[in-house]
Amino acid sequence: MRLRSLGRHAREAGAAVTGLVVVVCLAVMVLLFVVVLPIAGRTQMSDQAEGGADAAALAAADRMRDVVLERFDTLAAGGDLAGLLPPSVGIAEAAEYADRNGGRLVSAAYGVDRGAGRVEVQVVRTNPPGSSRPEVRRNGTAEVGVVLAGCGIEDRRVIIGYEPVPTPTPTPTPTPEP
0 MRLRSLGRHA REAGAAVTGL VVVVCLAVMV LLFVVVLPIA GRTQMSDQAE
50 GGADAAALAA ADRMRDVVLE RFDTLAAGGD LAGLLPPSVG IAEAAEYADR
100 NGGRLVSAAY GVDRGAGRVE VQVVRTNPPG SSRPEVRRNG TAEVGVVLAG
150 CGIEDRRVII GYEPVPTPTP TPTPTPEP
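If you number the sequence shown the way numbering that gives the first Met the number 0 does, the last residue is 177 and the count never jumps.
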């Protein structure tokens, strides 16, 4: 059995396929660096902004709870705890936590809707100077965990665990029989 050598055209076709494989691999690598890596970077930045917004909201909710506890003794009978909160409660704490996480606090608001203390913040994470990426805005929400509108002081005293002794009912006197 004799082996025949491949002709010149067969060798050239093999070189063309090898060259095509190399070009496709290079194109995939360029696509990876140009498209995929910037998307991954934006995703990471978005996650960091989300974490900053959540931390800022938790800090504001924590401060809201502390203010209610500090001012509890000033609450008059018939008042509710929601009335103890000043308009700007927790904003400084939210701004501090947003700054610690590389963001900037844009807005913060709290409300006692449905009785629960709820804080909503919006944080913007800015890019380094000269970056072409847009800034990322994320919202964070936290609740105090106490139904503020349901808490209050009543003008009565109840001793927990005490039950008054019931007043005995008198036994009827029997009627004499004739």
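The beta-carbon is built from N, C-alpha and C at its ideal position, and this holds for glycine as well.
Values in this document were obtained by computation on a predicted structure and should not be read as measured data.
Asked: Less than 7 angstroms between C-beta atoms, sequence neighbours within five positions excluded: which residues of the same chain meet that for R62?; Found: V88, G89 and E92
Asked: Please specify which runs of the beta strand (DSSP E), each continuous and at least 3 residues long, are wholly inside the region 40-115, giving them in chain order.; Found: 102-110
Asked: I need the DSSP call for V123, collapsed to helix, strand or coil.; Found: strand
Asked: What is the rounded straight-line gap between the Cα of V164 and the Cα of P171?; Found: 21 angstroms
Asked: From the DSSP output, read off the bridge partner residues of E176.; Found: DSSP lists no partner for E176.
Asked: Which one of Y96, A58 and G50 has the shortest CA to CA distance from R137?; Found: G50
Asked: Classify V29 as helix, strand or coil using the three-state DSSP reduction.; Found: helix
Asked: Which one of A94, V34, V66 and E95 has the shortest CA to CA distance from G82?; Found: V66
Asked: So what's V164 in DSSP terms, helix, strand or just coil?; Found: coil
Asked: So what does DSSP say about T170, is it helix, strand or coil?; Found: coil
Asked: To the nearest whole angstrom, what separates the beta carbons of A141 and A60, a pair I think is in contact under 8 angstroms?; Found: 4 angstroms
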